[in-house]
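**Q** For reference, each letter of the sequence shown is one residue, going 116 to 341 in our numbering.
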Amino acid sequence: MEKIRIAIDGPSGSGKSTLAKNLARELSLVYVDTGALYRSVGLFVMRAGADPKSAAQVTALLDQIDLKLVYTDEGQRVILCGEDVSDLIRTNEISMYASSVSAIPAVRKFLLAIQKKMAADGNVVMDGRDIGTVIMPDADVKLFLESNSKARARRRYEELVAKGHTYTEEEVYADIVKRDENDSNREVAPAIPAEDAIFLDNSELTREETVEAAMNIIAEKLKRKR
Ligand code: DC
Numbered sequence: 116m117e118k119i120r121i122a123i124d125g126p127s128g129s130g131k132s133t134l135a136k137n138l139a140r141e142l143s144l145v146y147v148d149t150g151a152l153y154r155s156v157g158l159f160v161m162r163a164g165a166d167p168k169s170a171a172q173v174t175a176l177l178d179q180i181d182l183k184l185v186y187t188d189e190g191q192r193v194i195l196c197g198e199d200v201s202d203l204i205r206t207n208e209i210s211m212y213a214s215s216v217s218a219i220p221a222v223r224k225f226l227l228a229i230q231k232k233m234a235a236d237g238n239v240v241m242d243g244r245d246i247g248t249v250i251m252p253d254a255d256v257k258l259f260l261e262s263n264s265k266a267r268a269r270r271r272y273e274e275l276v277a278k279g280h281t282y283t284e285e286e287v288y289a290d291i292v293k294r295d296e297n298d299s300n301r302e303v304a305p306a307i308p309a310e311d312a313i314f315l316d317n318s319e320l321t322r323e324e325t326v327e328a329a330m331n332i333i334a335e336k337l338k339r340k341r
């Protein structure tokens with residue numbers, strides 16, 4: 116069977132991971148969450164007490180970082196120097212660290228090989244910011260998922276509350292706006308769509324409708340490819 120590779124890019128909280136997980140299930144693909152890698156570097160930098168915006172400080176730490184992705188029945192787990200940090204990296208604070216370190220070229224270079232390897236193994240749906248442009252420029256389908264910042268903040272807020280965090284919706288909104296700024300204005304791999312990406316705006320769509328819309332786009336693309 117031919118391998119299928121799907122790239123999903125888009126801003127924070129646009130529902131990339133929810134969509135990717137659903138597509139992985141529907142199409143029997145491995146879901147690779149690349150944000151978890153940047154988050155893990157962010158966690159390492161935080162624990163080291165370094166400034167996440169300082170390229171020199173962060174770069175000096177990279178050779179101590181050992182990252183692995185493993186796949187279990189529960190999905191992807193990320194192992195940082197032998198410790199499963201998959202749950203620890205889901206805080207607002209780590210989001211900001213991840214956003215800062217992801218703008219440092221050495222960090223992107225450091226995480227390139229592991230992502231390229233996952234891409235080469237095939238049968239994947241990967242989400243991130245530069246999947247369609249850098250990691251899998253030859254993906255079968257490239258989706259760019261968008262939704263307005265209010266809708267994204269609301270979803271992120273609900274997700275955080277469900278996990279027991281006590282942020283307010285306003286805090287989450289402010290955070291999303293700040294991260295968007297960071298992620299799209301930087302010089303290295305900004306969150307911009309690939310030329311051949313297909314836009315999907317899900318501000319007004321439910322999860323199920325988003326999955327359905329994406330499945331239609333994918334079916335159409337794969338039909339044309341064959
Ligand atoms: O998707 P996420 O929120 O888990 O990503 C965390 C941060 O990592 C986000 O601010 C942008 C960055 N990131 C990136 O620069 N490139 C990727 N492929 C994935 C994430």
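We put the CB at the ideal spot given by N, CA and C, even for glycine.
Computed from a prediction, not measured in an experiment: that's the story for all the values here.
Do leucine 226 and threonine 149 have their C-beta atoms closer together than 9 Å?
**A** The answer is yes: Cβ separation under 9 Å.
**Q** Under the three-state reduction of DSSP, which class applies to aspartate 253: helix, strand or coil?
**A** Three-state result, aspartate 253: coil.
**Q** By the three-class DSSP mapping on this structure, what secondary structure does alanine 57 have?
**A** Because the chain in this structure spans residues 116 to 341, residue 57 falls outside the shown range and cannot be described.
**Q** Closer than 8 Å to a non-hydrogen atom of the ligand DC - does that hold for the CB of tyrosine 282?
**A** No, the beta carbon of tyrosine 282 sits no closer than 8 Å to any heavy atom of the ligand DC.
**Q** I need the DSSP call for aspartate 178, collapsed to helix, strand or coil.
**A** Helix, per DSSP.
**Q** With a threshold of 7 Å on Cβ separation, who are the neighbours of serine 155 within its own chain once the five nearest residues in sequence on each side are excluded?
**A** Taken in chain order, the residues that qualify are Leu182, Val193, Leu195, Val200, Ile204.
**Q** Tell me which residue opens and which closes the alpha helix (DSSP H) that glycine 157 is part of.
**A** Segment 150–162, the alpha helix (DSSP H) holding glycine 157.
**Q** Go through its chain and collect everything with a Cβ distance to isoleucine 219's Cβ below 6 Å, but skip five positions before and after it.
**A** Same-chain partners within the cutoff: Ala170, Val173.
**Q** What residues match up with threonine 133 in a beta bridge as DSSP calls it?
**A** None; threonine 133 has no bridge partner.
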